[in-house]
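> Chains as they are written, first to last, in the working numbering: chain F, 1 to 273; chain P, 274 to 546; chain U, 547 to 819. Virtual Cβ for every residue (Gly too), placed ideally from N, Cα, C.
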Amino acid sequence: MGSVGARGTAFITLLTDFGLTDPYVGIMKGVILGINPKACIVDISHQIDPGHILQASFILKEAFPYFPKGTIHTIVVDPGVGSERRAILLVTEDYLFVAPDNGLLWPIISEHKNGKVIHLTEARFFRPCISDTFHGRDIFAPVAAHLSLGQEPFDMGPIINDPLPLRIPEPKRRGHQLEGQVIRIDRFGNLITNIDKKALEELLQGRDCIVQVGSIQIKGVSRTYADVSSGKELVLIGSSEHLEIAVNQGNARERLGPRPSGAIGARVVIKRA
Amino acid sequence: MGSVGARGTAFITLLTDFGLTDPYVGIMKGVILGINPKACIVDISHQIDPGHILQASFILKEAFPYFPKGTIHTIVVDPGVGSERRAILLVTEDYLFVAPDNGLLWPIISEHKNGKVIHLTEARFFRPCISDTFHGRDIFAPVAAHLSLGQEPFDMGPIINDPLPLRIPEPKRRGHQLEGQVIRIDRFGNLITNIDKKALEELLQGRDCIVQVGSIQIKGVSRTYADVSSGKELVLIGSSEHLEIAVNQGNARERLGPRPSGAIGARVVIKRA
Amino acid sequence: MGSVGARGTAFITLLTDFGLTDPYVGIMKGVILGINPKACIVDISHQIDPGHILQASFILKEAFPYFPKGTIHTIVVDPGVGSERRAILLVTEDYLFVAPDNGLLWPIISEHKNGKVIHLTEARFFRPCISDTFHGRDIFAPVAAHLSLGQEPFDMGPIINDPLPLRIPEPKRRGHQLEGQVIRIDRFGNLITNIDKKALEELLQGRDCIVQVGSIQIKGVSRTYADVSSGKELVLIGSSEHLEIAVNQGNARERLGPRPSGAIGARVVIKRA
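1. Based on DSSP bridge pairs, tell me the residues matched to K389 of chain P.
2. Taking F58 of chain F as part of the alpha helix (DSSP H), name the residues at either end of that continuous run.
3. Could you name the residues that DSSP lists as bridge partners for S278 of chain F?
4. In three-state DSSP terms, what is A809 of chain U?
5. Starting from L15 of chain F, follow its DSSP beta bridges and name the residues at the other end.
6. Can you look up R526 of chain P in the DSSP assignment and give me helix, strand or coil?
7. Using C-beta distances below 7 Å, list every residue in its chain close to G2 of chain F, excluding the 5 sequence neighbours before and after it, in chain order.
8. When we look at the beta-carbon of A552 of chain U and count the other beta-carbons within 10 Å, is it buried (16 or more) or exposed?
9. Mapping the DSSP letters down to three states, classify L487 of chain U as helix, strand or coil.
10. List the residues of chain F whose Cβ lies closer than 7 Å to the Cβ of K302 of chain P, in chain order.
11. Beta-carbon within less than 8 Å of L608 of chain U's beta-carbon, same chain only, minus the 5 sequence neighbours each way: which residues are those?
12. To be precise: take each residue of the stretch 394 to 419 of chain P, compare its Cβ to all Cβ atoms of chain F, and keep it if any distance is under 7 Å. Which residues remain?
13. Of all the residues that make up the stretch 176 to 210 of chain F, which are near chain P by a beta-carbon distance shorter than 7 Å?
14. Quick check on I705 of chain U: buried or exposed, where buried means 16 or more other Cβ atoms within 10 Å of its Cβ?
15. Determine the extent of the beta strand (DSSP E) in which G180 of chain F is found, giving its start and end residues.
16. Would you be able to state if there are at least three C-beta pairs under 8 Å between the stretch 283 to 296 of chain P and the stretch 392 to 400 of chain P?
17. Any C-beta of chain U sitting closer than 9 Å to the C-beta of I332 of chain P?
18. I'd like to know if Y570 of chain U contacts chain F, where contact means its C-beta is closer than 9 Å to some C-beta of that chain.
19. I need the straight-line Cα distance from I35 of chain F to V298 of chain P, nearest angstrom please.
20. Take every Cβ of the stretch 358 to 367 of chain P, pair it with every Cβ of the stretch 378 to 396 of chain P, and state whether three or more of those distances are shorter than 8 Å.
21. State whether the stretch 233 to 250 of chain F contacts the stretch 156 to 170 of chain F, with contact taken as three or more CB pairs (one from each stretch) at a distance under 8 Å.
22. How should R447 of chain P be labelled, buried or exposed, when 16 other C-beta atoms within 10 angstroms of its C-beta is the threshold for buried?
23. Taking C-beta pairs closer than 8 Å, name the residues in chain P that P68 of chain F reaches, listed in chain order.
24. Could you say which of P:L476, P:G355, P:R532 lies nearest to E452 of chain P if we only look at CA atoms?
25. So, V486 of chain P versus S495 of chain P, is the Cβ gap smaller than 9 Å?
26. Look at the Cβ atom of V627 of chain U, then the Cβ atom of P646 of chain U, and state whether they are nearer than 9 Å.
27. Against T770 of chain U, what residues of chain F qualify as contacts under a CB-to-CB distance less than 8 Å, listed in chain order?
28. For I300 of chain P, collect the residues of the same chain with a Cβ closer than 6 Å to its Cβ; drop the 5 residues on either side in sequence, then sort them by chain order.
29. Among F:L234, F:F134, F:P37, whose alpha-carbon lies nearest the alpha-carbon of R255 of chain F?
30. Just to make sure I have the definition right: I need the residues of chain U whose C-beta is within less than 7 Å of the C-beta of T21 of chain F. Which are they?
31. Would D78 of chain F count as contacting chain P if we go by Cβ distances under 9 Å?
32. Inspect the beta-carbon positions of L600 of chain U and G661 of chain U and report whether they are closer than 9 Å.
33. For chain P, find out if any of its Cβ atoms is closer than 9 Å to the Cβ of H665 of chain U; answer yes or no.
34. Using a Cβ-Cβ cutoff of less than 7 Å, which residues in the same chain neighbour Q181 of chain F once the five nearest sequence positions on both sides are dropped?
35. Could you tell me which of P:K302, P:D295, P:T294, P:G535 sits nearest to V416 of chain P, measuring between CA atoms?
36. Run down chain P in chain order and give the residues with a C-beta less than 8 Å from the C-beta of F564 of chain U.
The following block contains the structure:
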């Protein structure tokens, strides 16, 4: 990874729950550019619900593989800032990930058995004064910037073997039935579930199905939104290869009706026909 | 246009209805930078109402001429993704426009009679696997990136002569009266109409006027907001050279009162005094 | 400052009340890149409440020092656009600030006694046609772009000594009590006050305290959010070195209960124990 900075362009992505009204994202960018004026910073999202580690981990997992190799992904959803929680760096074959050790990186760690997790302890890569409330500015941004200059990751602290795991809701198979849940709702009101393409194919084995979420019942899996008439519900495999409930030219979340905690977590049942 | 990439800096703008919470915009940027690490990507807006082609076409028309010549404008408001609708590239003297063929580019096509529209058919400029639901990632972003490297547009597919038109509401002249409508409301609550400076001047011929929208009646056209006292309604020619109803230090949309479908489409009548 | 452009990378920050739906921010970026294609533009925020000069000045003051020396900070919160208000440029030892003369820069001017304020009068650095409603596009963006090319600030107009001041609410000391107010609420619902670390230390002299805001009463100052149990209120010195009322894993603004004008301006009293 020492060649990242040498290539001339180093990409740093940012994924936070800071929103776009406060100055926090701008401050992180200022800190990065002060260390590496040639860094190319790309926003993934700053609209993660405050402190919502699971949501951030879904968004990260969906987005990270589309960036050039060598990209430094920087994620700051950090409700435990200033506490004993560690700051970590995950090194995989293709990417670097800088984040608090709060489970955020767990889904990626689990899928990269050769990845190494480093506990960020070398304060020379931080800002001189570390606040108790804004490690995005004082630790994560400067570490990402130093990495983008080609700094060796393994000089930044010791390797650890006990990163904090994250409990991720998994779908349950019961005979000819698969039970999952809504894990993300996008701007279009599409209900994205934790049931992926592979699990669906294993269940259906080429047969048809009925999908139920709340009072909505849908027969069969469509290929794209326009496969059903305008205003009609459908089920498809979305762009992240997960099963998704949608309404053509409409909004599936609204169709589901008002729910106290939104539609996140809503039970989704697929029955093989 | 083959010299775009050769100049050293290639600008790609993005205009979508993806919002800023989901990872979709970040993913498009990752795909572009994977193909052209030196591309300079600029956001126009990602807050187009979902699927609102007309709104996107107004925003695009207002913004595109302010960018450097050679800029590649990439617009993804694409309710028909995955259906038979074509992906197109508009080549004008100064710019390239990449978008779905759903009417979005129609206002620009109409005003650039020498422009050429290309049906994007050459799959070698797409991502290897094309999803049915996210052509922003799989077709439009990679095409824009290849164009930014200097790729010849006319190698990307055949020229077509039948791009999909868009019905744009036009103001109606009736003697000494002009009747238009509100087509866009900005963050300040300014009501931007489809009546442009030229049409207004032709109507008034130097005389005064009365403008009516809902229950608001305003006499005369002001030069700027501060021409009337704080909290007062006014009419002016806004920065896009269209007639605009505003409230100094206030919000004209709120002044109009609650309306079922917002103030978009509200009738605006100008009478020559 | 003539060496800004010479360094190869010139940073321009943008802070506006334009929001991210309208094309205004994109247009400003297009104008800048048309003049200096190598400018690196960084957003601080575009979500300032419309016309809210005081809020913009707080955000600016918090963010600007984190950017590399030579950065050109461009602020467009401009309710008086098109009126007699001047356009100004503040030159400090480390930064340039381009803004309307409406008080926005006052907190920075007051703290930089060696800074010079220039009235931007040289129209050759503006766009050829100046609208009456969008000086961000027509004056501030092109001035920032020319500065980023290394243009001498003092060629842009005469030095003035009477920039418009801004009334900033100051905390009041009464014996062993300090009375301030909430001046900013961030995305996490943290209530940021106008009481800074120094004023607090002078009051407390190492002793304990009780902080009151609305019906919330908190004993003692914590170091970070996680110092109290989940859902509990706390007081701490935030990342901008101001006293802040927060709720661990929660939202202090919501805790304060509904208030007609939000919690901005809410009285905060600290009593030395």
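Short version:
1. Reading the second sequence from its first residue, position 116 is the one you call residue 389 of chain P. The partner list for K389 of chain P (beta bridge, DSSP) reads P:V364.
2. Within the first sequence, residue 58 of chain F is the residue found at index 58, counting from 1. Here the alpha helix (DSSP H) through F58 of chain F covers 53 to 63.
3. Since the first residue shown for chain F is 1 and the last is 273, residue 278 of chain F is missing from the structure and cannot be characterised.
4. Start at 1 with the first residue of the third sequence, and residue 809 of chain U comes out as number 263. If DSSP states are grouped into helix, strand and coil, A809 of chain U belongs with coil.
5. The sequence position of residue 15 of chain F within the first sequence is 15, counting from 1. L15 of chain F pairs with F:S45, F:I75.
6. Along the second sequence, one-based indexing puts residue 526 of chain P at 253. Three-state result, R526 of chain P: helix.
7. Within the first sequence, numbered from 1, the residue matching residue 2 of chain F stands at position 2. Reliability of the predicted coordinates at G2 of chain F is poor, the pLDDT of 39 falling under 50, and the value obtained from them is presented with this limitation in mind. G150, E152.
8. Here residue 552 of chain U refers to the residue found at position 6 when the third sequence is read from its first residue. Annotation note: pLDDT 40 at A552 of chain U (below 50); position unreliable, no value reported.
9. With chain U covering 547 to 819 only, the question about residue 487 of chain U has no answer from this structure.
10. Residue numbering aside, residue 302 of chain P sits at position 29 when the second sequence is read from its first letter. Within 7 Å Cβ-Cβ: V42.
11. Here residue 608 of chain U corresponds to residue number 62 of the third sequence, with the count starting at 1. Reading off the sequence shown, one finds Glu at residue 608 of chain U, where the question assumed Leu. If we look at E608 of chain U and ignore the five residues flanking it on each side, its Cβ neighbours are S786.
12. S404, D405, T406, F407, R410
13. D186, R187, F188
14. By one-based count along the third sequence, residue 705 of chain U stands at place 159. Burial call: exposed.
15. By one-based count along the first sequence, residue 180 of chain F stands at place 180. That run of the beta strand (DSSP E) goes 177 to 185.
16. no
17. In the second sequence, the residue the question calls residue 332 of chain P occupies position 59. It does; some Cβ of chain U falls within 9 Å.
18. In the third sequence, counting from the first residue as 1, residue 570 of chain U sits at position 24. So, not an interface residue.
19. Within the first sequence, the letter at position 35 stands for residue 35 of chain F. Within the second sequence, the letter at position 25 stands for residue 298 of chain P. About 26 Å.
20. yes
21. no
22. As a first step, residue 447 of chain P is located in the second sequence; it is residue number 174 there, counting from the start. Classification of R447 of chain P: exposed, given that the 10 Å Cβ count is below 16.
23. As a first step, residue 68 of chain F must be located in the first sequence, where it is residue number 68. Near P68 of chain F (Cβ distances below 8 Å), the residues of chain P are G303, L306, G307, P310.
24. As a working mapping, residue 452 of chain P is identified with position 179 in the second sequence. It is P:L476.
25. On the second sequence, residue 486 of chain P is found 213 positions in, with the first residue counted as 1. On the second sequence, residue 495 of chain P is found 222 positions in, with the first residue counted as 1. Not a contact, by the Cβ cut-off of 9 Å.
26. Locating residue 627 of chain U in the third sequence gives position 81, where the first residue counts as 1. Locating residue 646 of chain U in the third sequence gives position 100, where the first residue counts as 1. Yes, the Cβ-Cβ distance between V627 of chain U and P646 of chain U is below 9 Å.
27. In the third sequence, residue 770 of chain U corresponds to position 224, counting from 1. V81, G82, S83, D132, T133, listed in chain order.
28. Here residue 300 of chain P corresponds to residue number 27 of the second sequence, with the count starting at 1. Cβ neighbours of I300 of chain P beyond the five flanking positions: R410.
29. Start at 1 with the first residue of the first sequence, and residue 255 of chain F comes out as number 255. When each option's Cα is compared against that of R255 of chain F, the closest is F:L234.
30. Residue mapping note: residue 21 of chain F aligns to position 21 of the first sequence, counting from 1. Correct list: S591, Q593, R733.
31. Along the first sequence, one-based indexing puts residue 78 of chain F at 78. Chain P contact via Cβ: absent.
32. As a first step, residue 600 of chain U must be located in the third sequence, where it is residue number 54. As a first step, residue 661 of chain U must be located in the third sequence, where it is residue number 115. Against a cut-off of 9 Å, the Cβ pair of G661 of chain U and L600 of chain U comes out as no contact.
33. To locate residue 665 of chain U, count along the third sequence from 1; it is residue 119. Chain P, which has no Cβ nearer than 9 Å to the Cβ of H665 of chain U, makes this no.
34. Within the first sequence, residue 181 of chain F is the residue found at index 181, counting from 1. Cβ within range, chain order: P169, T193, N194, G265, A266, R267, V268.
35. Mapped onto the second sequence, residue 416 of chain P falls at position 143. Closest by alpha carbon: P:K302.
36. As a first step, residue 564 of chain U must be located in the third sequence, where it is residue number 18. Chain P residues near F564 of chain U: R460.
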